[in-house]
Amino acid sequence: MFQIGKREIELLYLVNSSKDGFNYRELIERFGYTERSFKYAVDLINSFLNENSQQACFVLDNKRCYLKNAPLSMKFTMDHITKELYYLSKEDRCETIIFRYLADLHYTIDEITDYLDVSKSTVKKSLAVVKEKCGEYGLELVNHKRMGIELNGSETVIRSALIDVLYKYCGLSSQDSKHKKLSLRNCNPYLREWIGEVFNQFQSEQKAEALFSSIWEYMPVIQNDEIYILAMLNLILVFYRTGSGHCILADAKEYVGVEGRKLAEAISISCEKHLKIKLPCEEFFKFVIVLNKGYSIESNEKDQYVLIGSMIWIHRLVSDLLQKYTNQSFQSIANEYSLNEALDMLYNHFYAAVERVRRNIYIQNPILQDIKEEYGEAFHDVERSLAGLENYLEKKFSQDDIGYFTLLIENIISQVHKQKKRVRRIVLICGLGFGTAQMVKNKIMQKFDVVIEDVIPYYKLDTYADNKNIDLFVSTVPVKINTVSNVVEVNPLLTEQDAEALIKAGMIRGGNDLSTLMQLIEQNAVITNRPRLEKELKELNGIRDLKHSKYDILLKYLPECRILVNQTYKNWQEAIDAAGALLVETDCVLQSYVEDMINNIKEFGSYITIGNGIALPHARNKNNVKKTAFSLITLKKPVVFENGKEIDTVISFCNVAGNDYATALTALMELSENQSFLNYKKKVETPSQLLDYIKKLK
Numbered sequence: 001m002f003q004i005g006k007r008e009i010e011l012l013y014l015v016n017s018s019k020d021g022f023n024y025r026e027l028i029e030r031f032g033y034t035e036r037s038f039k040y041a042v043d044l045i046n047s048f049l050n051e052n053s054q055q056a057c058f059v060l061d062n063k064r065c066y067l068k069n070a071p072l073s074m075k076f077t078m079d080h081i082t083k084e085l086y087y088l089s090k091e092d093r094c095e096t097i098i099f100r101y102l103a104d105l106h107y108t109i110d111e112i113t114d115y116l117d118v119s120k121s122t123v124k125k126s127l128a129v130v131k132e133k134c135g136e137y138g139l140e141l142v143n144h145k146r147m148g149i150e151l152n153g154s155e156t157v158i159r160s161a162l163i164d165v166l167y168k169y170c171g172l173s174s175q176d177s178k179h180k181k182l183s184l185r186n187c188n189p190y191l192r193e194w195i196g197e198v199f200n201q202f203q204s205e206q207k208a209e210a211l212f213s214s215i216w217e218y219m220p221v222i223q224n225d226e227i228y229i230l231a232m233l234n235l236i237l238v239f240y241r242t243g244s245g246h247c248i249l250a251d252a253k254e255y256v257g258v259e260g261r262k263l264a265e266a267i268s269i270s271c272e273k274h275l276k277i278k279l280p281c282e283e284f285f286k287f288v289i290v291l292n293k294g295y296s297i298e299s300n301e302k303d304q305y306v307l308i309g310s311m312i313w314i315h316r317l318v319s320d321l322l323q324k325y326t327n328q329s330f331q332s333i334a335n336e337y338s339l340n341e342a343l344d345m346l347y348n349h350f351y352a353a354v355e356r357v358r359r360n361i362y363i364q365n366p367i368l369q370d371i372k373e374e375y376g377e378a379f380h381d382v383e384r385s386l387a388g389l390e391n392y393l394e395k396k397f398s399q400d401d402i403g404y405f406t407l408l409i410e411n412i413i414s415q416v417h418k419q420k421k422r423v424r425r426i427v428l429i430c431g432l433g434f435g436t437a438q439m440v441k442n443k444i445m446q447k448f449d450v451v452i453e454d455v456i457p458y459y460k461l462d463t464y465a466d467n468k469n470i471d472l473f474v475s476t477v478p479v480k481i482n483t484v485s486n487v488v489e490v491n492p493l494l495t496e497q498d499a500e501a502l503i504k505a506g507m508i509r510g511g512n513d514l515s516t517l518m519q520l521i522e523q524n525a526v527i528t529n530r531p532r533l534e535k536e537l538k539e540l541n542g543i544r545d546l547k548h549s550k551y552d553i554l555l556k557y558l559p560e561c562r563i564l565v566n567q568t569y570k571n572w573q574e575a576i577d578a579a580g581a582l583l584v585e586t587d588c589v590l591q592s593y594v595e596d597m598i599n600n601i602k603e604f605g606s607y608i609t610i611g612n613g614i615a616l617p618h619a620r621n622k623n624n625v626k627k628t629a630f631s632l633i634t635l636k637k638p639v640v641f642e643n644g645k646e647i648d649t650v651i652s653f654c655n656v657a658g659n660d661y662a663t664a665l666t667a668l669m670e671l672s673e674n675q676s677f678l679n680y681k682k683k684v685e686t687p688s689q690l691l692d693y694i695k696k697l698k
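Residue numbers (our numbering): 1 to 698.
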């Protein structure tokens with residue numbers, strides 16, 4: 001009787017996912033087969049498919065391997081891989097046993113021997129590996145006479161270890177109008193059976209889905225399927241483990257900050273209301289962390305320090321990569337093209353990845369191989385660029401995350417190339433007087449992201465006929481000049497039909513501010529759920545909330561008393577010491593924080609030099625920070641850091657637990673790339689002049 005193993009199942013999964021198949025040598029290399037063993041594996045898979053009345057079969061044709069009569073229903077296929085048909089490898093055996101103990105499903109050695117149908121000596125050898133693996137998690141397997149083996153350790157750690165196993169084998173099956181359902185992918189039939197037991201016991205999966213539905217309205221937007229899977233697994237384990245009598249302690253160390261705790265408390269209330277199950281908010285901390293985009297939920301001071309440093313690293317990394325692939329600076333790209341959404345996606349994924357990798361949570365990337373093949377050079381560039389950030393975090397990003405980073409970088413690059421062809425500069429032709437011209441100009445500026453170079457009467461059109469810098473002429477009167485062909489005629493009232501014509505001509509719609517939209521809605525309708533409406537409007541493309549400008553938040557933390565201009569220092573240490581002194585003198589930090597800033601640079605290098613002559617020194621809060629604050633100093637002559645970078649502006653900062661410091665930092669990042677600001681700061685003579693410039697950016 002034939003048996004197939006994990007490697008054959010993974011091979012079947014991969015080939016089933018491709019329409020064109022693969023070069024068989026690529027598959028041999030990927031799965032570690034010899035040519036002979038590969039052909040044997042194909043025969044095994046075909047025997048299995050034939051045994052289960054499947055029409056599909058593996059074909060080796062002209063050195064390509066593909067699945068004839070594909071695609072297969074992998075759920076149907078996996079359901080037919082029984083224990084009798086499966087070869088349990090050493091790795092499978094150990095993983096199955098460790099899951100059994102993590103899930104608190106007690107088994108004696110004799111019972112495991114019978115269940116896996118192996119010898120007692122084989123089980124004992126596997127247990128030695130399992131004990132070692134448990135030790136890596138900080139857990140311990142203890143043998144009790146006549147009671148079997150029991151797992152001892154922190155409940156938080158046990159759940160994290162369970163997530164590692166479950167996430168490896170969980171995917172998504174069907175999708176309804178709102179939510180998706182988990183399904184098991186290529187795990188062995190023994191493990192599949194036990195995972196099913198965990199999901200079904202105490203109706204854990206059913207309760208998780210019900211709770212998820214009840215909290216959907218006020219949850220953060222879920223970025224991708226992998227985050228959804230992790231979030232659902234965390235909820236399932238909440239119900240399974242608490243049902244088994246294992247609870248997270250009330251003083252749980254997983255700190256999620258004020259906003260994070262509020263969300264966890266709201267979930268706890270919803271759980272009691274809808275499921276009649278009372279659980280403390282600490283049970284939902286891990287769920288909240290998984291949803292965390294990186295900066296949307298507060299962290300404690302230690303986490304904030306790491307996040308701030310990561311933000312600086314990421315900004316530099318993104319700037320350098322975009323400079324390489326577009327030959328433009330980050331700020332010129334941000335100013336010239338509509339990339340807010342694409343950049344937000346990239347930064348959100350980066351920040352979320354930092355949070356995950358620090359907590360040893362790793363997502364899977366089902367299209368990783370395709371990304372490597374399509375964007376190989378960019379993938380390796382991203383991988384190399386991450387080395388400094390990985391050293392700072394003392395953690396390594398997975399290839400899966402690097403693949404996502406690459407895809408998001410490529411998304412921005414492709415948008416830049418695409419938008420280079422769009423209409424940016426227009427001339428408006430009006431023949432009905434100045435008032436009409438201004439009305440049309442205002443309507444265009446409200447609706448479109450364009451630069452109106454000039455507003456002219458019809459008779460002056462000849463002066464622009466040969467101007468190649470003009471992308472489009474928009475006219476309220478018929479144009480009969482043969483030398484001008486790129487003209488769109490519109491009604492002075494600029495109807496929706498006119499707007500569609502302008503879009504077809506290449507003009508890009510601009511954004512609307514949230515407050516204006518809300519006022520318009522209030523005038524014409526009754527709003528029954530304002531928070532929900534605002535949330536959904538923000539999620540639409542082109543919507544931005546102008547209520548709290550990032551520069552307002554920056555100005556809150558950067559008063560005139562913490563700004564010095566045109567200063568002179570011997571070296572970078574003196575410059576940072578002076579910036580830190582402004583924080584000390586205004587009772588924001590203790591002197592030890594200033595010393596920590598300098599030591600931080602000596603330890604991690606000059607990563608705080610973010611380009612354009614700007615440095616952002618900071619340090620971890622070791623109970624020596626009293627409040628969030630920024631200080632800024634401009635220099636007459638630059639000082640040179642250890643990496644050779646010349647710095648003429650030092651912006652130091654410190655923070656206590658809070659959420660908007662990251663927004664202020666984002667404003668500083670933008671300023672560091674704003675050429676107008678870079679030129680202006682060299683001319684200012686007083687701190688108030690510098691502040692006035694930032695206020696105008698609001």
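Glycine is no exception: its CB is placed at the ideal position from the N, C-alpha and C atoms.
Please read these numbers as outputs of a predicted model, since none were measured by experiment.
### Query
Taking the runs of the beta strand (DSSP E) that are 3 residues or longer, which of them lie wholly in the region 375–428?
For the region 375–428, not a single whole beta strand (DSSP E) run of length 3 or above is found.
### Message
At the level of alpha carbons, what is the spacing between residue 185 and residue 602?
### Response
When rounded, the distance between both Cα atoms is 48 Å.
### Query
Among 133, 241 and 448, which one has its Cα closest to the Cα of residue 205?
241
### Query
Any idea which residues DSSP pairs residue 452 with across the strands?
426
#### Entry: Between the CA atoms of residue 631 and residue 651 - distance to the nearest angstrom
6 Å
### Query
What is the DSSP secondary structure of residue 220, counted as helix, strand or coil?
coil
### Query
Exposed or buried, residue 90, counting other C-beta atoms within 10 Å across all chains shown (16 or more means buried)?
exposed
### Query
Between residue 153 and residue 139, is the Cβ-Cβ spacing less than 8 Å?
yes
### Task
Quick one: give me the first and last residue of the alpha helix (DSSP H) that residue 687 is part of.
687–696
### Task
Compute the distance between the beta-carbons of residue 647 and residue 554, then report whether it is under 8 Å.
no
### Task
Mind reading off the beta-carbon distance from residue 134 to residue 229? Whole number of angstroms is fine, and I expect it under 8 Å.
The pair is not a contact, with the Cβ atoms about 24 Å apart (cut-off 8 Å).
### Query
What are the boundary residues of the beta strand (DSSP E) that includes residue 653?
646–654
### Query
Starting from residue 182 and walking both ways along the alpha helix (DSSP H), at which residues does that stretch end?
No alpha helix (DSSP H) holds residue 182; the beta strand (DSSP E) holding it covers 180–184.
### Burial state of residue 313 (16 or more Cβ within 10 Å)
buried
#### Entry: residue 498 - containing alpha helix (DSSP H), residue span
Element bounds for residue 498: 496–504.
### Query
Are the beta-carbon atoms belonging to residue 641 and residue 618 less than 8 Å from one another?
no
### Task
Measuring alpha carbon to alpha carbon, tell me which of 268, 273, 274 and 40 ends up nearest residue 288.
268
### Task
Compute the distance between the beta-carbons of residue 21 and residue 65, then report whether it is under 8 Å.
yes
### Message
Quick test of your reading: residue 611 and residue 316, contact by CB under 8 Å. State the CB separation rounded to the nearest angstrom.
### Response
The pair is a contact, with the Cβ atoms about 7 Å apart (cut-off 8 Å).
### Task
Would you please state the rounded distance, in angstroms, between the beta carbons of residue 243 and residue 201? I believe it to be under 8 Å.
7 Å
### Query
Under 8 Å, do residue 232 and residue 182 count as touching if we go by C-beta distance?
Less than 8 Å separates the beta-carbon of residue 232 from that of residue 182.
### Query
From 5, 649, 343 and 663, pick the residue whose C-alpha is nearest to that of residue 680; which is it?
649
### Task
Let me know the secondary structure DSSP gives residue 579 once reduced to three states.
helix
### Task
Would you check if the distance between the CB atom of residue 273 and the CB atom of residue 190 is smaller than 8 Å?
For residue 273 and residue 190, no; Cβs fall outside 8 Å.
### Query
So, using beta-carbon positions, are residue 402 and residue 428 closer together than 8 Å?
no
### Query
Which residue spans inside the region 90–136 form an unbroken alpha helix (DSSP H) run of at least 4?
90–102 and 109–116
### Query
Buried or exposed: where does residue 687 fall if 16 or more other Cβ atoms within 10 Å of its Cβ makes it buried?
buried
#### Entry: DSSP state of residue 641 mapped onto helix, strand, coil
The answer is coil: DSSP assigns residue 641 none of H, G, I, E or B.
### Query
In or out: residue 249 buried (at least 16 other Cβ within 10 Å) or exposed?
exposed
### Task
List the residues that DSSP assigns as beta-bridge partners of residue 57.
68
### Task
Can you give me the start and stop residues for the alpha helix (DSSP H) that residue 140 sits inside?
Run containing residue 140: none in the alpha helix (DSSP H); it sits in the beta strand (DSSP E), 140–144.
### Query
Can you tell which of 637, 532 and 690 has the C-alpha that lies nearest to the C-alpha of residue 563?
690
### Task
Check the DSSP bridge columns for residue 589 and list the partner residues they point to.
625
### Task
Please go through the same chain and pick out, in chain order, the residues whose beta-carbon is closer than 8 Å to the beta-carbon of residue 124, but skip the five residues on each side of it.
109
#### Entry: residue 18 (DSSP reduced to helix, strand or coil)
coil
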